[in-house]
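Residue numbers (this note's numbering): 2 to 150. From the three backbone atoms N, C-alpha and C, an ideal C-beta is built for every residue, glycine too.
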Amino acid sequence: MNMREQIEKYIKENQLNISDESMWSFDESIEDELLYLISHGIKTATSSLYKFYEMENEDLPKVGDLSIITNSKDEYQFLIETIRVEIVQFKEVSSEHAYKEGEGNRTLEYWKKVHIDFFNNELKEIDEALKDDDLVVLEEFKVLVGVKI
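Here is the structure:
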């Protein structure tokens with residue numbers, strides 16, 4: 002049984018509701034690393050810019066939300082459940098959250114360096130740059146079903 006079938010079976014057996022909008026993937030340039038970190042329980046959190054939820058008229062994540070993380074080929078990798086959501090200014094992201102994102106040496110300094118670059122790259126599309134007071138959506142999750150990499 003492939004991962005898609007395993008996830009669909011889990012959803013059906015547990016009578017869960019999940020929409021197509023709840024499918025997402027990571028940026029291809031870092032996808033392999035992040036999927037590996039999730040599969041080994043190292044990455045249990047993610048973050049995104051609040052303003053993109055507003056611009057795209059997209060609902061903010063909330064506790065209990067289910068999501069399917071896919072790879073760049075749209076192959077199912079994980080079914081996750083959101084267990085915590087917090088919205089803070091970029092300058093207020095905690096070292097605890099940086100650690101839970103699991104990247105690099107897991108420090109806040111590393112997290113900020115990587116995310117300044119990442120968020121600025123996203124903001125280029127709208128001719129903006131990241132500011133310390135920009136709001137960031139911090140999301141913690143647990144894996145319900147997933148691949149082992």
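In chain order, what residues of the same chain have a beta carbon less than 6 Å from the beta carbon of Ser49, not counting five sequence neighbours either side? The residue you call residue 49 lines up with position 48 of the sequence shown. Result list for Ser49: Val138, in chain order.
Quick check: the segment 66–79 against the segment 22–30, are at least 3 beta-carbon pairs closer than 8 Å? yes
Does the pairing of the segment 46–66 with the segment 125–144 give three or more beta-carbon distances under 8 Å? yes
Taking only runs of the alpha helix (DSSP H) that begin and end inside the segment 37–90, which ones reach a length of at least 4 residues, in chain order? 51–56
Using CA atoms only, rank isn't needed, just tell me which of Glu59, Phe53 and Asp33 is closest to Leu136. The count along the sequence shown starts at 1 and reaches residue 136 at position 135. Nearest C-alpha to Leu136: Phe53.
Output the boundary residues of the beta strand (DSSP E) element that contains Leu124. For the purposes of this step, residue 124 is taken as residue 123 along the sequence shown, with counting starting at 1. That residue, Leu124, is in no beta strand (DSSP E); its alpha helix (DSSP H) goes Leu109 to Leu124.
With distances taken between CB atoms, is the gap from Leu145 to Glu82 smaller than 8 Å? Against the sequence shown, residue 145 aligns to sequence position 144. Against the sequence shown, residue 82 aligns to sequence position 81. Cβ distance < 8 Å, so Leu145 and Glu82 count as in contact.
Ser162: first and last residue of the uninterrupted alpha helix (DSSP H) it sits in: Absent from the model: residue 162. The displayed extent of the chain is 2 to 150, so no value can be given.
Taking its Cβ as the centre, do 16 or more other Cβ atoms sit within 10 Å of Leu35, making it buried, or is it exposed? Taking the first residue of the sequence shown as 1, we reach residue 35 at position 34. Label assigned to Leu35: buried.
8 Å CB neighbourhood of Ile88 in its chain, flanking five on each side removed: By 1-based counting over the sequence shown, the position of residue 88 is 87. The answer, listed in chain order, is Tyr51, Leu61, Leu136, Val137, Val138 and Leu139.
What distance in whole Å lies between the Cβ atoms of Ala99 and Trp112, which are believed to be in contact at a cut-off of 8 Å? Counting from one through the sequence shown, the residue named residue 112 turns up at place 111. Counting from one through the sequence shown, the residue named residue 99 turns up at place 98. With a Cβ gap of about 3 Å, Trp112 and Ala99 count as contacting.
What's the C-alpha gap between Tyr37 and Ser30? As a position in the sequence shown, residue 37 is number 36, starting the count at 1. As a position in the sequence shown, residue 30 is number 29, starting the count at 1. One C-alpha to the other measures close to 13 Å.
Pair within 8 Å by beta-carbon distance, Met4 and Gln78: For this step, residue 4 is matched to residue 3 along the sequence shown. For this step, residue 78 is matched to residue 77 along the sequence shown. Result yes, Cβ atoms of Met4 and Gln78 sit closer than 8 Å.
Can you name, in chain order, every residue of its own chain whose Cβ lies under 8 Å from the Cβ of Gly65, other than the five neighbours on each side? In the sequence shown, residue 65 corresponds to position 64, counting from 1. For Gly65, where only same-chain residues beyond five positions count, the Cβ hits under 8 Å are Glu82 and Thr83.
Exposed or buried, Ile150, counting other C-beta atoms within 10 Å across all chains shown (16 or more means buried)? As a position in the sequence shown, residue 150 is number 149, starting the count at 1. Classification for Ile150: exposed.
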